[in-house]
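My numbering numbers the first residue of the sequence shown as 133 and each following residue consecutively.
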Amino acid sequence: MEVAFLAPNGTPNPLGSCSTVNFSNPLDSGIYARLRVTGSTASSTDKAFTVDKDRAVIETSGSGTLAFTGSFTGAGTFVFDAYGDMALSGVRSGTGGLAKNGAGTLTLTAANTYTGTTSVEGGTLALPAGAPLGTGALTLAGGTLALNPAAADGYSVSLPAVTLSAGSALTVPAAASSSSVTLASLALNGNTLSINAPSAGSAANRIFITGLANGPASASSSTAAPPPTVPPVASHR
């Protein structure tokens with residue numbers, strides 16, 4: 133399905149008068165249900181979205197920023213294929229997953245609870261303060277994971293197990309006084325993780341990776357193969 137813009141419920145709407153948009157993949161053909169938004173101006177919707185299985189692709193082929201404030205549920209994976217930027221303030225819940233593709237940035241701002249996997253396959257997935265991922269595994273497959281993009285002081289996030297399937301990047305700016313990022317584990321699988329983390333190892337930018345040896349990361353920007361060692365937290369052993 134292709135539309136020029138998104139709109140809230142109760143207004144003239146290219147997605148119709150429904151309050152929920154259901155993506156369905158009945159044929160198991162590998163060709164997934166897709167919503168393409170082509171407009172060059174920013175637009176938003178508060179409609180809820182569901183996907184029954186496989187993947188549902190939400191694509192922006194125009195330059196207008198898209199904002200989604202409704203809920204995202206279902207057992208499939210929502211793929212945000214962003215040419216421009218997208219923002220998701222609705223909660224992603226349920227057993228399905230979430231994937232980021234395309235050159236643009238997807239910013240998550242809700243307290244997400246989904247249990248499926250997260251995959252960063254292209255562009256940037258940004259997690260500001262108060263926006264955790266789901267509890268399933270995280271795969272970095274060629275994109276950038278941007279944590280605390282606004283450098284909020286007191287930032288804290290715990291990430292699930294992280295696996296690289298291609299060279300990828302992690303950015304964590306230093307906060308004014310305190311910031312803490314914890315990875316449950318990190319598996320490079322022969323790939324390179326480029327880390328841009330000014331003041332890494334100090335209180336302003338602590339990055340903990342469970343199971344690594346003692347010692348702070350010594351550079352503000354480093355390429356990890358193997359990853360830099362950072363101070364451990366005893367409770368994470």
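C-beta: ideal position from N, C-alpha, C; glycine also.
- The DSSP-derived three-state label of Asn154 is strand.
- Residue pairing of Glu253 in beta bridges, as defined by DSSP: absent, with no partner found.
- Taking the C-beta atoms as reference points, Ala273 is found no nearer than 9 Å to Ser312.
- No residue range can be given for Asp178, since it is assigned to no beta strand (DSSP E) and is classified by DSSP as neither H nor E.
- Burial check for Pro158: the Cβ neighbour count within 10 Å stays below 16, so the residue is exposed.
- Per the Cβ contact rule, the region 226 to 240 is not in contact with the region 153 to 167 (fewer than 3 Cβ pairs under 8 Å).
- According to the DSSP assignment, Met218 belongs to the beta strand (DSSP E) that extends over Met218 to Leu220.
- Residue state for Ala139 is assigned as coil, using DSSP reduced to three classes.
- Contact annotation: Gly234 and Gly254 have beta-carbon atoms nearer than 9 Å.
- The C-beta distance from Leu291 to Thr324 rounds to 18 Å, too long to fall under 8 Å, and the pair is not in contact.
- For Ala231, the enclosing beta strand (DSSP E) starts and ends at Gly229 to Asn233.
- In this chain, the beta strand (DSSP E) harbouring Tyr287 covers Tyr287 to Leu291.
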